[in-house]
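Undergrad: One structure is given below, represented as structure tokens, and several questions about it will come after.
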């Protein structure tokens, strides 16, 4: 039975998180107003709960659920089992955070009066977005 680890993130926008997870290959993501239990690889209910959940069926045969639990400061903590941390490591979380930042920017920029002037992906995977606003 794997132990679940909580990893602090700076992710606060739930919709941008779901879009980022889709970019990372998880088209099926469950979102709840109140936290729900996570399941282990054998279908056993675990003590950990989360509001945003990728169920084990969408991860891999021997995987556990991956969850994102909202913390008191409004940010989500990623909840990933020890077993799944080999595949969903800090590098994976960094890529998820990059995709999250992109979606958060694309949502917030127009609301603040900005438009996207240019957007490009550099060789190292960095996304460069130039915003403009008429004043």
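Residue numbers (the numbering used here): 722 to 856.
Note that the Cβ used here is the ideal one computed from N, Cα and C, for glycine as well.
Since this is a predicted model, take the numbers as computed values, not measurements.
Is it buried or exposed, residue 815, if we count other Cβ atoms within 10 angstroms and call 16 or more buried?
TA: It counts as exposed.
Undergrad: How far does the alpha helix (DSSP H) with residue 740 in it reach, from first residue to last?
TA: Note, residue 740: alpha helix (DSSP H), 735-744.
Undergrad: Flag residue 760 as yes if its beta-carbon sits less than 8 angstroms from any beta-carbon of chain B, otherwise no.
TA: Going by chain labels, chain B is absent from the structure shown, which holds only one protein chain.
Undergrad: What residue range is occupied by the uninterrupted beta strand (DSSP E) comprising residue 727?
TA: Here the beta strand (DSSP E) through residue 727 covers 725-729.
Undergrad: In the DSSP assignment, find the beta strand (DSSP E) that holds residue 771 and state where it starts and stops.
TA: Element bounds for residue 771: 766-775.
Undergrad: Based on Cα-Cα distance, which residue from 770, 764, 748 lies nearest to residue 757?
TA: Ranking the options by Cα distance to residue 757, first place goes to 770.
Undergrad: Under the assumption that residue 809 contacts residue 787 (Cβ atoms under 8 angstroms), give the Cβ distance between them as a whole number of angstroms.
TA: About 6 angstroms separates the two Cβ atoms, so the contact holds.
Undergrad: Taking 8 angstroms as the threshold, find out whether the segment 740-759 comes into contact with the segment 816-829 through three or more Cβ pairs.
TA: Segments in contact, yes.
Undergrad: Touch check for the segment 798-808 and the segment 776-790: three-plus C-beta pairs under 8 angstroms?
TA: Result yes; three or more Cβ-Cβ pairs closer than 8 angstroms.
Undergrad: Using a 10 Å radius around the Cβ and a threshold of 16 neighbouring Cβ atoms, would you call residue 817 buried or exposed?
TA: With 16 or more other Cβ atoms within 10 Å, it is buried.
Undergrad: Under 7 angstroms Cβ to Cβ from residue 826, same chain only, skipping five residues before and after it: list those, please.
TA: So the qualifying residues of the chain are 850.
Undergrad: Between which two residues does the beta strand (DSSP E) harbouring residue 803 extend?
TA: It is not in any beta strand (DSSP E) - residue 803 carries neither H nor E in the DSSP assignment.
Undergrad: Compute the beta-carbon to beta-carbon distance between residue 803 and residue 726, rounded to the nearest angstrom, for a pair I have assumed lies under 8 angstroms.
TA: Confirmed, about 7 angstroms.
Undergrad: In whole angstroms, what separates the C-alpha of residue 746 from that of residue 780?
TA: Computed Cα separation, rounded: 9 angstroms.
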